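Residue numbers (the numbering used here): 37 to 222.
Here the structure is laid out as structure tokens; the discussion comes afterwards.
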């Protein structure tokens, strides 16, 4: 499993996703952009930032290295999640400009027809954003905006975050115990 964290606001989504995937026992390759590192430090309390920035439970990769295993189509993964996905990263993937390891790894997942989940957090979206998202969709990526659902009667921000993360985990095939599904009217 590859998790990529880019320079969009929403580091809490990356933290919770990584936390639950590690709890599932899956192996995680982690790539974080320099801008994302700064945002993680600004948006998250130290103990949550530490999981993303310092955990020894993940295989870390240098954003600027193309010689990493995950940059090759011959290296098998169970999928890739870009969470949150900046519009800059989305644009570069959509237009095939592999200028860092995240873009290259996403390109590999698309060409190898592997799961690629892109979680944009930007709002509002302009025409260029929408066109790039459509290109990724048409190339085989799942676009899963960081849009929480409210039917689960969330009592906290963390509960709202879980509504998005649960969908990501469902689509990538990671079992979890988050009860955020719609259960109909009571």
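Glycine residues also receive a C-beta, built at the ideal position from the N, C-alpha and C atoms.
All values derive from a computational prediction rather than experimental measurement.
field: Outcome for residue 110 when other beta-carbon atoms lying within 10 angstroms are tallied against a minimum of 16
entry: Taking the first residue of the chain shown as position 1, residue 110 is located at position 74. With fewer than 16 other Cβ atoms within 10 Å, it is exposed.
- prompt: Taking one C-beta from the segment 85–95 and one from the segment 111–130 each time, how about it: are there three or more such pairs within less than 8 Å?
  reply: Contact between the segment 85–95 and the segment 111–130 is absent, because fewer than three Cβ pairs lie under 8 Å.
- prompt: Is the segment 102–120 touching the segment 141–156, taking contact as three or more C-beta pairs under 8 Å?
  reply: Touching, yes, given that three or more Cβ pairs across the two stretches are closer than 8 Å.
field: Inter-residue Cα distance where the pair is residue 17 and residue 67
entry: Since the first residue shown for the chain is 37 and the last is 222, residue 17 is missing from the structure and cannot be characterised.
Proximity to residue 176 [Cα-Cα], best of 205, 39 and 168: Reading the chain shown from its first residue, position 140 is the one you call residue 176. The shortest Cα separation from residue 176 among 205, 39 and 168 belongs to 168.
Residue from 207, 48, 122 and 185 with nearest C-alpha to residue 86: Position 50 of the chain shown, counted from the start, is the residue given in the question as residue 86. When the alpha-carbon of residue 86 is set against those of 207, 48, 122 and 185, the nearest one is in 48.
message: Nearest by alpha-carbon distance to residue 217: which of 207, 209, 199 and 58 is it?
response: By 1-based counting over the chain shown, the position of residue 217 is 181. Of 207, 209, 199 and 58, the residue nearest in Cα terms is 199.
Through-space distance from residue 143 to residue 84, alpha-carbon basis: On the chain shown, residue 84 is found 48 positions in, with the first residue counted as 1. On the chain shown, residue 143 is found 107 positions in, with the first residue counted as 1. Straight across, the Cα-Cα distance linking residue 84 with residue 143 is about 29 Å.
- prompt: Between residue 104 and residue 97, what straight-line distance do the alpha-carbon atoms span, to the nearest angstrom?
  reply: Stepping through the chain shown from its first residue, residue 104 is reached at position 68. Stepping through the chain shown from its first residue, residue 97 is reached at position 61. Spanning the two alpha carbons is a distance of roughly 7 Å.
- prompt: Does the Cβ of residue 41 have 16 or more other Cβ atoms within 10 Å, making it buried, or fewer, making it exposed?
  reply: Here residue 41 refers to the residue found at position 5 of the chain shown. Flag for residue 41 reads buried.
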